[in-house]
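*Asks:* Following the working numbering, the numbering of the sequence shown begins with 95 at its first residue and continues without gaps.
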Amino acid sequence: MEVRIISREEFPEENKEQQEEQKPKQENLTPWQLANMEYLKQKNLENGEAEPSQVPQKNPEQSVETASTNESVIEKKEEPKKPDSEVVDAVIEEDETEAVSNGPKNGSFLDRLPNIRHERNRRLLRRTSILIGLFSIPAVLLLYYISPLGKLGGVSVKGNENISAEVIEKELNFTIGDNLWSQYFDREANVKRLKKQELQIENAEVHIDGLNSFEVKIKEYPEVAYLESDGKYSPVISNGKIIPIEVPKNNGDLPILESFTGSKRILKVLEGYKKLSGEVKQGISQIKYAPTSENKELLEIFMNDGNKVLVSINDLGEKMKYYPQIAKQMNDKQIKGVVDMEAGIYSYPYDEKSDTEDATQNSTDQSGTAVGND
């Protein structure tokens, strides 16, 4: 017996009825189910499989199970089946990713519309803030420049001992009421001029004090000696320079120098003087530069006890430390005289000529002219 295979095309009415039954089922699907069905079709086409024969039902749970089953078959996953909740999340995340890359599908754009508006507003707010900041900064600077805060309101001087604050302010050439920042940027040139005019100033620093004032910190060279000339005294600072001013007779703590004209030799004397003990320093009344043809560095040191010491500048710090012992021996013998430390160390009393000269000489008021060049 011959078996005949009857196709559905021979029964058009039945096929039509089946299509009509399937069409309303598709119309009753939600947008999400339609998108899911479209996604499954695309997946099947990419993998070379036939389209699903059955239309997903309206029940979400059944459609989710179908989607997860198809995906597991296509990708051939070896891991155990995930729970329904994880499958739903995976399908939703994959659908959102595909919608972002290929554009909105089946109403999903409307779901993301509030997020797009929020992102647009956020970017607009950020750009507006940047523009406002760019225009606000110059405006604030301009207002500060023309306001009283942008003008110098005062100058205070600290650290000065021998130079008055009025002199320092005058030499710095700061003007109250003029622009603060232009004068602040010119401070280095003003400080340089100040140090050139006032030799006793070692350094000066200008800082902004408060909102619109300057604070000037002064560091002075300390006074280490006095130079005597014709009964007048001028201070000698630690760098060896002589300040060309007249001051009253010294307070007794600093040595008096005589017949010195150059700072280099004064520095060498002061270097040796620093090495002396306090007892020897207090016993020195005056240091005179008295070179001879044999020794261009000879000093005559007049002591408060009436003795005179002859010593070279280079030996001042080393040999003068023996003076207290020699002076004690001379006092025990009740003699006054000369302690010669030029070659060795020995002492002898004044002769009649030197006694006469010593009687007319006041060790603190003596003056003379140096022999030789500094």
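C-beta: ideal position from N, C-alpha, C; glycine also. Nothing here was measured: the structure is a model prediction, and the numbers come from that model.
#1: Tell me, please, whether the CB atom of Gly334 is closer than 8 Å to any CB atom in chain D?
#2: Are there three or more Cβ pairs, one per stretch, closer than 8 Å when the segment 282–297 is compared with the segment 314–327?
#3: Please determine, among Lys369, Asn254 and Gln277, the residue with the shortest C-alpha to C-alpha distance to Leu246.
#4: Please list the segments of the beta strand (DSSP E) lying wholly inside the segment 232–320, counting only runs of 3 or more residues, in order along the chain.
#5: Have a look at the DSSP bridge pairing and note the partners of Phe396.
#6: Could you tell me how far apart the beta carbons of Gly366 and Gly411 are, in whole angstroms, since I believe they sit closer than 8 Å?
#7: On the DSSP bridge list, what partners appear for Ile331?
#8: Could you give the DSSP three-state label for Tyr440: helix, strand or coil?
#9: Among Thr124, Ile224, Gly271 and Val403, which has the Cα closest to the Cα of Ile244?
#10: Is the CB-CB distance between Glu394 and Pro385 below 8 Å?
#11: Could you give the distance in angstroms between the alpha-carbon of Lys289 and the alpha-carbon of Lys362?
#12: With DSSP as the reference, please indicate the residues paired to Lys326 in a beta bridge.
#13: Please classify Tyr478 as buried or exposed, where buried requires at least 16 neighbouring CB atoms within 10 angstroms.
#14: Would the segment 306–314 count as touching the segment 260–274 if we require 3 or more Cβ pairs under 8 Å?
#15: Kindly give me the distance between the Cβ atoms of Ser371 and Lys415, rounded to whole angstroms, as I take these residues to be in contact under 8 Å.
#16: Please list, in chain order, all residues of the same chain as Tyr442 whose beta carbon is under 8 Å from its beta carbon, the five residues on each side excluded.
#17: Sort out for me which residues DSSP pairs Ser431 with in a bridge.
*Replies:* Taking the definition as stated:
#1: Of the chains in the structure shown, none is chain D; there is only one protein chain.
#2: yes
#3: For this step, residue 246 is matched to residue 152 along the sequence shown. Residue Gln277 is the option with its Cα nearest to Leu246.
#4: 248–252, 295–303 and 307–314
#5: Counting from 1 along the sequence shown, the entry for residue 396 is found at position 302. In the DSSP output, where bridge partners are listed per residue, Phe396 has Gln380 and Lys402.
#6: Residue 366 sits at position 272 when you count from the first residue of the sequence shown. Residue 411 sits at position 317 when you count from the first residue of the sequence shown. That pair is a contact at about 4 Å.
#7: Here residue 331 refers to the residue found at position 237 when the sequence shown is read from its first residue. Looking at the DSSP assignment, Ile331 forms a beta bridge with Glu317.
#8: Locating residue 440 in the sequence shown gives position 346, counting from the first residue. Strand, per DSSP.
#9: The sequence position of residue 244 within the sequence shown is 150, counting from 1. For the sequence presented, residue 244 should be read as Gly rather than Ile. Checked all of Thr124, Ile224, Gly271 and Val403; the closest Cα to Gly244 is Gly271.
#10: Position 300 of the sequence shown holds residue 394. Position 291 of the sequence shown holds residue 385. No, these two residues do not count as a Cβ contact at 8 Å.
#11: Within the sequence shown, residue 289 is the residue found at index 195, counting from 1. Within the sequence shown, residue 362 is the residue found at index 268, counting from 1. Each residue's CA atom was taken as its position, placing Lys289 and Lys362 some 24 Å apart.
#12: The residue you call residue 326 lines up with position 232 of the sequence shown. DSSP output for Lys326 lists Ser323 as bridge partner(s).
#13: With the chain represented from 95 up to 468, any question about residue 478 goes unanswered, as that position is not in the structure.
#14: Note that the segment 306–314 touches the segment 260–274; at least 3 beta-carbon pairs, one per stretch, sit closer than 8 Å.
#15: In the sequence shown, the residue the question calls residue 371 occupies position 277. In the sequence shown, the residue the question calls residue 415 occupies position 321. That belief holds up - the Cβ atoms of Ser371 and Lys415 are roughly 7 Å apart, short of 8 Å.
#16: Here residue 442 refers to the residue found at position 348 of the sequence shown. Taken in chain order, the residues that qualify are Gly431, Val432 and Asp434.
#17: Position 337 of the sequence shown, counting from 1, holds the residue named residue 431. Per the sequence shown, residue 431 should be read as Gly rather than Ser. Its beta-bridge partners are Pro443.
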